[in-house]
Amino acid sequence: MKLTLQITLAILFFCSLSCGNMRDVSIYEPSKSISAFKQFPHKILFTNSEENGLWGIKNNACKEISFESSNSYIGKDHLYIKWNASKCNYIGMGLKWDNYKGKNLMPILETTAIELHVRIDSGELSNVPMFFILEDYGGKQCRANINYLDLEGGRIDTEWRRIRIPFQAFNYAKRGVNMSNIKELRLEFQRNGHLHIDNIVIVPHDYNYKNTTNKFTKVFNSHPVQLGAGKEYWWGVNTKYSSSFKFGGFFKNESVVVDLDLSKEDTWDTFGFSPYMWMHVDLSSIYSTSAIKFKIKSSKLPKLQAFLFAYTGERRRLQKILNESNFIDKENGIFEAYIPLKSLMGHSKFSWDNLKEIRFRVLEGTQFEIGDFQLIEFRGDPKKPNKWKGI
Amino acid sequence: MERNINLLFCLLFSLLFTIAVHPQVSKVEVTTNASGNFELQRNGVPYYIKGAGAKDHFDLLVKSGANSIRIWSTNNKALLDSAHQHGLTVTLGLYVRPERSGMDYNNEYAVKGQIEQLKNEVMKYKDHPALLVWGIGNEVDLRYSNFKVWKTIEVLAKFIKEVDPNHPTMTVTAGIDPSKAYYIKKYCPSVDILGLNVYGSIENAGANLRKFNWDKPYIVSEWGVNGPFEARRTSWKAKIEPPNGLKADQRLRRYKELIEKDIELCIGSYCFLWGQKQESTATWHGMFLSDGRPTEAVDVMQFCWTGEWPQSRAPSIKDISLENIGWRKDHILASSVQATLSIEYLKYNNKKVIVEYVLYPEAFSNKIGGDIQKSPDSIKFDIVKQSDNELIFISPKKKGAYRLFAYVKNEKGQSSVANIPFLVK
Numbered sequence: 526m527k528l529t530l531q532i533t534l535a536i537l538f539f540c541s542l543s544c545g546n547m548r549d550v551s552i553y554e555p556s557k558s559i560s561a562f563k564q565f566p567h568k569i570l571f572t573n574s575e576e577n578g579l580w581g582i583k584n585n586a587c588k589e590i591s592f593e594s595s596n597s598y599i600g601k602d603h604l605y606i607k608w609n610a611s612k613c614n615y616i617g618m619g620l621k622w623d624n625y626k627g628k629n630l631m632p633i634l635e636t637t638a639i640e641l642h643v644r645i646d647s648g649e650l651s652n653v654p655m656f657f658i659l660e661d662y663g664g665k666q667c668r669a670n671i672n673y674l675d676l677e678g679g680r681i682d683t684e685w686r687r688i689r690i691p692f693q694a695f696n697y698a699k700r701g702v703n704m705s706n707i708k709e710l711r712l713e714f715q716r717n718g719h720l721h722i723d724n725i726v727i728v729p730h731d732y733n734y735k736n737t738t739n740k741f742t743k744v745f746n747s748h749p750v751q752l753g754a755g756k757e758y759w760w761g762v763n764t765k766y767s768s769s770f771k772f773g774g775f776f777k778n779e780s781v782v783v784d785l786d787l788s789k790e791d792t793w794d795t796f797g798f799s800p801y802m803w804m805h806v807d808l809s810s811i812y813s814t815s816a817i818k819f820k821i822k823s824s825k826l827p828k829l830q831a832f833l834f835a836y837t838g839e840r841r842r843l844q845k846i847l848n849e850s851n852f853i854d855k856e857n858g859i860f861e862a863y864i865p866l867k868s869l870m871g872h873s874k875f876s877w878d879n880l881k882e883i884r885f886r887v888l889e890g891t892q893f894e895i896g897d898f899q900l901i902e903f904r905g906d907p908k909k910p911n912k913w914k915g916i
Numbered sequence: 316m317e318r319n320i321n322l323l324f325c326l327l328f329s330l331l332f333t334i335a336v337h338p339q340v341s342k343v344e345v346t347t348n349a350s351g352n353f354e355l356q357r358n359g360v361p362y363y364i365k366g367a368g369a370k371d372h373f374d375l376l377v378k379s380g381a382n383s384i385r386i387w388s389t390n391n392k393a394l395l396d397s398a399h400q401h402g403l404t405v406t407l408g409l410y411v412r413p414e415r416s417g418m419d420y421n422n423e424y425a426v427k428g429q430i431e432q433l434k435n436e437v438m439k440y441k442d443h444p445a446l447l448v449w450g451i452g453n454e455v456d457l458r459y460s461n462f463k464v465w466k467t468i469e470v471l472a473k474f475i476k477e478v479d480p481n482h483p484t485m486t487v488t489a490g491i492d493p494s495k496a497y498y499i500k501k502y503c504p505s506v507d508i509l510g511l512n513v514y515g516s517i518e519n520a521g522a523n524l525r526k527f528n529w530d531k532p533y534i535v536s537e538w539g540v541n542g543p544f545e546a547r548r549t550s551w552k553a554k555i556e557p558p559n560g561l562k563a564d565q566r567l568r569r570y571k572e573l574i575e576k577d578i579e580l581c582i583g584s585y586c587f588l589w590g591q592k593q594e595s596t597a598t599w600h601g602m603f604l605s606d607g608r609p610t611e612a613v614d615v616m617q618f619c620w621t622g623e624w625p626q627s628r629a630p631s632i633k634d635i636s637l638e639n640i641g642w643r644k645d646h647i648l649a650s651s652v653q654a655t656l657s658i659e660y661l662k663y664n665n666k667k668v669i670v671e672y673v674l675y676p677e678a679f680s681n682k683i684g685g686d687i688q689k690s691p692d693s694i695k696f697d698i699v700k701q702s703d704n705e706l707i708f709i710s711p712k713k714k715g716a717y718r719l720f721a722y723v724k725n726e727k728g729q730s731s732v733a734n735i736p737f738l739v740k
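Going down the list, the sequences are from chains Y and X.
Just so you know, we're using this note's numbering here: the first sequence kicks off at 526 and counts up by one.
Just so you know, we're using this note's numbering here: the second sequence kicks off at 316 and counts up by one.
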């Protein structure tokens, strides 16, 4: 009984002790980000020329910069710049932003923006050809421009209009900029124009936009791969204008029936297709052990030239005129064709991560059906594909 | 009686005021005619575009037989007003930022901002009486990798369909290939017309569209002579520009043999450029010189549009050579030596022509497409002797790449120009 009482008293004692140590919490406590903003000590970049340092404000043939005291948004004066980039490669100026102290923007990166007010002397603009550039102490720069979504009233005119450049809009990740040690803000101007600028400050700002990663790329890293599935990814087959090619049905997958008369003028002799839905096709991990395989139904071997195209790269086209070593006679008028990718001259300079198209040109008048295109594993001699035992 | 006259006057005034404040918006439609060919109709009347990429010289444009201009962005309303005053229609560009300018089509903020801004531009201009066709984007496909840009084009085309039923939509590509044709067909069903910017590739453009199964009409939205990007280069990477006379012949053939003949799919064209711009040289694409003088390309366009040559024709430089070596070859000179430049030209009906020679430093540029390039300033050089067909001069003392221009003009200022790049070493 005595022990039970002691335990109860101990529990009560510890409870009261911990309750006493609890802090008061308001239901409406400011979020972490607001307090991060409050704690950020470098909120003012420019309110007037005396208190905030700038560089690059000497006039030259391409820019005139002055501090005007009339009709300022805030403070005793504001910045006025007039520029014309026709004779200069670079027109810019910089804000020393708290005298070049290293600024750690990381805590406020997602919840704040650079805010400024601008106006012009006459007319109306929906944008100004200028960039905002953040530079870190390693000399790396990231940039952003004026976005219509954060331009007050959707226009710049003779009234002071608010512009916000969210820090999230800067391409700092892509440029590898150290956002925990920012040196300065630069303003860069292009083409020509003029602008009154005042009250450049850091403010809280909601940014609710995402970056997506879809780059229309299809990666293949194993065999076999069916190539050119879907007639909508083929070209050169249009019976309204040419009878040279029409889609066939003899083979399991897409095929083309060729009926070519090269004695006619403007005969269509070429067709092609995307390996995969006109995406950037990435074969980089398997190309060296790959061959294009397809089938031909014909009484004799047609004379064909094969092409591969990449979307980008130093070498964007590979080609090869097929010869007997590329074919195996499967009898009954069926041939299998193999084009090892390493047999294509210049293959090492081709962007195998960016394959665009496979194309065939028929080099002599003939009739046959060609189809069932695949990418298969191939580990034989690229010069003698039909000799490889693995086929 | 007097009261009736007053009433009539008031009605007339009201009518004129209404017309002045709300000028007639044209109804423009893509249709097919009785032959099954595509046709543009403006206010119910077939309208074949005889156009130019132009921001100036509208009087001469109209006099030459054109009926339309193409502009690339919405930043100058005065151009539309001026075109309208001249009786010209306008294919109006909505400037969709290309990926090569730093635009990231995976960046939702940038994409939405651009779309909203351009929607605002559509609302500003949709009722302009000069408006003919919307040009949504120009060469957004040039060196791009993110095909998502076509979704932006479609959002804008669809928006135009909703708010402006009076004007068709077009997107403009840098040439055409099967992947671009596929993406536009798949992602941009609200695009009515394909605009093709084609220079050397105009030769196969019509056939290729059919091979790529494009089944809507097209406008040749930029065409002219082969571009600098297609030109042969000297060993020091200077682009070799053909003389004006050869370029004029090329323009004429392309219009007559390629554009005009494709009556099934092609609903008109805009030649490039009714004006002047620096693109590798100051004279490559422009049909005018930097001082505003027209070149023989203007005469060619008049012939294309009307079937008649102007009464006063510009002379035509057919050949240019340096030290008896033709313009297609490399030219290398020692510094401060005497050299001879020769030109051959046709005077046509001009009794008198004036020949001028100007030396420039080579203007190397890595810009592509229509991106802005800077013009170099001319250089003073020593002329030993000058005649109507020959210039003997002293090569520059300073080593480097240069380009010597020959201008031949008549008394009205109509001109022809040719140049030769050379290296001093």
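All residues carry an ideal CB built from backbone N, CA and C; glycine is no exception.
Here the structure is a predicted model, which is why all the values come from computation and not from measurement.
**Prompt:** Nearest-angstrom Cα distance between Lys724/X and Ile635/X?
**Reply:** For the purposes of this step, residue 724/X is identified with residue 409 of the second sequence, where counting begins at 1. For the purposes of this step, residue 635/X is identified with residue 320 of the second sequence, where counting begins at 1. In this structure, the alpha-carbon of Lys724/X lies about 16 Å from that of Ile635/X.
**Message:** Could you pull the DSSP bridge partners for Asn453/X from this structure?
**Reply:** Translated into positions along the second sequence, residue 453/X becomes position 138. Its beta-bridge partners are Val487/X.
**Request:** In the DSSP assignment, find the unbroken beta strand (DSSP E) run with Ile430/X in it and report its ends.
**Result:** Locating residue 430/X in the second sequence gives position 115, counting from the first residue. Counting along the chain, Ile430/X falls outside any beta strand (DSSP E), though it belongs to the alpha helix (DSSP H) covering 423-440.
**Request:** Tell me Val613/X's beta-bridge partners as DSSP assigns them.
**Result:** In the second sequence, counting from the first residue as 1, residue 613/X sits at position 298. BP columns for Val613/X are empty, so no partner.
**Request:** Could you spell out where the alpha helix (DSSP H) holding Thr549/X opens and where it closes?
**Result:** Numbered from its first residue, the second sequence carries residue 549/X at position 234. Neither: Thr549/X is in no alpha helix (DSSP H) and is coded neither H nor E.
**Asked** If we count Cβ pairs, one from each stretch, closer than 8 Å, do we get three or more for the region 885-899 of chain Y versus the region 824-831 of chain Y?
**Response** yes
**Prompt:** For Ser868/Y, does the count of other Cβ atoms within 10 angstroms reach 16, so buried, or fall short, so exposed?
**Reply:** On the first sequence, residue 868/Y is found 343 positions in, with the first residue counted as 1. Ser868/Y is buried by the Cβ-count criterion.
**Prompt:** Looking at C-beta atoms only, is the number of pairs between the region 693-701 of chain X and the region 558-573 of chain X that lie closer than 8 Å three or more?
**Reply:** no
**Asked** Does the beta-carbon distance from Gly368/X to Phe544/X come in below 8 Å?
**Response** Counting from one through the second sequence, the residue named residue 368/X turns up at place 53. Counting from one through the second sequence, the residue named residue 544/X turns up at place 229. It is not a contact, given that the beta carbons lie outside the stated cut-off.
**Partner residues on chain Y for Pro493/X, Cβ-Cβ distance less than 8 Å** = For the purposes of this step, residue 493/X is identified with residue 178 of the second sequence, where counting begins at 1. Trp760, Gly797, Ser799, Trp803, Glu882, listed in chain order.
**Request:** Decide if Gln666/Y is buried, meaning its Cβ has at least 16 other Cβ atoms within 10 Å, or exposed.
**Result:** Your numbering for residue 666/Y matches position 141 in the first sequence. Looking at its Cβ environment, which holds 16 or more other Cβ atoms inside 10 Å, Gln666/Y is buried.
**Prompt:** Where does Ala597/X land, buried or exposed, given buried means 16+ other C-beta within 10 angstroms?
**Reply:** Position 282 of the second sequence holds residue 597/X. It counts as buried.
**Asked** What residues from the region 461-478 of chain X come within 7 Å of chain Y, judged by C-beta to C-beta, listed N to C?
**Response** Asn461, Phe462, Lys463
**Prompt:** Any idea which residues DSSP pairs His603/Y with across the strands?
**Reply:** Start at 1 with the first residue of the first sequence, and residue 603/Y comes out as number 78. Looking at the DSSP assignment, His603/Y forms a beta bridge with Glu593/Y.
**Every unbroken alpha helix (DSSP H) inside the region 592-654 of chain X [4 residues or more]** = Given a length threshold of 4 residues, each whole run of the alpha helix (DSSP H) inside the region 592-654 of chain X is given here in chain order: 611-621.
**Request:** Evaluate Phe462/X with the Cβ neighbour count: other Cβ atoms within 10 Å of its Cβ, from every protein chain shown; 16 or more gives buried, anything less gives exposed.
**Result:** What you label residue 462/X is simply residue 147 of the second sequence in a count that begins at 1. Answer is buried; the Cβ neighbour count reaches 16.
**Prompt:** If you draw a straight line from the alpha carbon of Ile688/Y to that of Trp622/Y, how long is it in whole angstroms?
**Reply:** On the first sequence, position 163 is the one that residue 688/Y refers to. On the first sequence, position 97 is the one that residue 622/Y refers to. So the two alpha carbons sit approximately 18 Å from each other.
**Request:** Give the interface partners of Tyr424/X over in chain Y, defined as CB-CB distance under 8 Å, in chain order.
**Result:** For the purposes of this step, residue 424/X is taken as residue 109 along the second sequence, with counting starting at 1. Asn672, Leu674, Pro691, Gln693, Ala694, Tyr732, Tyr734, listed in chain order.
**Message:** Going by the DSSP bridge assignment, what does Gln830/Y pair with across the sheet?
**Reply:** Against the first sequence, residue 830/Y aligns to sequence position 305. Looking at the DSSP assignment, Gln830/Y forms a beta bridge with Ile846/Y, Arg886/Y.
**Message:** Considering only their Cβ atoms, is the gap separating Glu537/X from Asn519/X smaller than 8 Å?
**Reply:** For this step, residue 519/X is matched to residue 204 along the second sequence. For this step, residue 537/X is matched to residue 222 along the second sequence. Not a contact, by the Cβ cut-off of 8 Å.
**Asked** Could you give the distance in angstroms between the alpha-carbon of Ile569/Y and the alpha-carbon of Ala638/Y?
**Response** By 1-based counting over the first sequence, the position of residue 569/Y is 44. By 1-based counting over the first sequence, the position of residue 638/Y is 113. The straight-line gap from Cα to Cα measures roughly 12 Å.
**Request:** Following the continuous alpha helix (DSSP H) through Ile811/Y, name the residue where it begins and the one where it ends.
**Result:** The residue labelled residue 811/Y in the question sits at position 286 within the first sequence. First-last for Ile811/Y: undefined, no H or E at that position.
**Request:** Return the chain-ordered list of same chain residues with a C-beta closer than 6 Å to the C-beta of Lys434/X, the five sequence neighbours on each side being excluded.
**Result:** Here residue 434/X is taken as the residue at index 119 of the second sequence, counted from 1. Result list for Lys434/X: Phe474, in chain order.
**Request:** Drop a sphere of 10 angstroms on the beta-carbon of Ile722/Y, count the other beta-carbons inside from all chains shown, and report buried for 16 or more, exposed for fewer.
**Result:** If you number the first sequence from 1, residue 722/Y lands on position 197. Burial call: buried.
**Request:** Could you tell me which residues DSSP puts in a beta bridge with His642/Y?
**Result:** Against the first sequence, residue 642/Y aligns to sequence position 117. According to DSSP, His642/Y bridges with Arg687/Y, Asp723/Y.
**Proximal residues to Thr404/X (C-beta, below 6 Å), its chain only, five neighbours per side dropped** = Counted from its first residue, the second sequence places residue 404/X at position 89. Excluding positions up to five away in sequence, the list reads Ser383, Ala445, Leu447.
**Which residues DSSP lists as bridging Arg718/X, in chain order** = Start at 1 with the first residue of the second sequence, and residue 718/X comes out as number 403. Answer by DSSP bridge pairing, in chain order: Tyr675/X, Pro736/X.
**Request:** Pull up the distance between the alpha-carbon of Gly773/Y and that of Asp791/Y, whole angstroms please.
**Result:** Position 248 of the first sequence, counting from 1, holds the residue named residue 773/Y. Position 266 of the first sequence, counting from 1, holds the residue named residue 791/Y. So the two alpha carbons sit approximately 23 Å from each other.
**Request:** Determine the contact status of Ile725/Y and Leu630/Y, defining contact as a CB-CB distance below 8 Å.
**Result:** By 1-based counting over the first sequence, the position of residue 725/Y is 200. By 1-based counting over the first sequence, the position of residue 630/Y is 105. Contact flag unset, no.
**Request:** Tell me the start and end of each unbroken alpha helix (DSSP H) in the region 625-682 of chain Y that is at least 4 residues and wholly inside, in chain order.
**Result:** none
**Asked** Hey, does Asn639/X have any beta-carbon neighbour from chain Y nearer than 8 Å?
**Response** Your numbering for residue 639/X matches position 324 in the second sequence. Answer no: the Cβ-Cβ gap between Asn639/X and chain Y never drops below 8 Å.
**Request:** Using only alpha-carbon positions, find the residue among Met616/X, Ser605/X, Ser584/X that is nearest to Glu594/X.
**Result:** Position 279 of the second sequence, counting from 1, holds the residue named residue 594/X. Glu594/X has its Cα closest to that of Ser605/X, out of Met616/X, Ser605/X, Ser584/X.
**Message:** Just list the residues that DSSP pairs Glu518/X with in beta bridges.
**Reply:** For the purposes of this step, residue 518/X is taken as residue 203 along the second sequence, with counting starting at 1. Beta-bridge pairing links Glu518/X to no other residue.
**Request:** Per DSSP, which residues does Gly896/Y bridge with? Please list them.
**Result:** On the first sequence, position 371 is the one that residue 896/Y refers to. Listed as beta-bridge partners of Gly896/Y by DSSP are Ser780/Y, Lys820/Y.
**Message:** Gln565/X and Val535/X - do their beta-carbons sit closer together than 8 Å?
**Reply:** Counting from one through the second sequence, the residue named residue 535/X turns up at place 220. Counting from one through the second sequence, the residue named residue 565/X turns up at place 250. The Cβ atoms of Val535/X and Gln565/X lie no closer than 8 Å to each other.
**Asked** Does DSSP put Asn736/Y in a helix, in a strand, or in coil?
**Response** Indexing the first sequence from 1 puts residue 736/Y at position 211. In this structure, Asn736/Y counts as strand in the three-state DSSP scheme.
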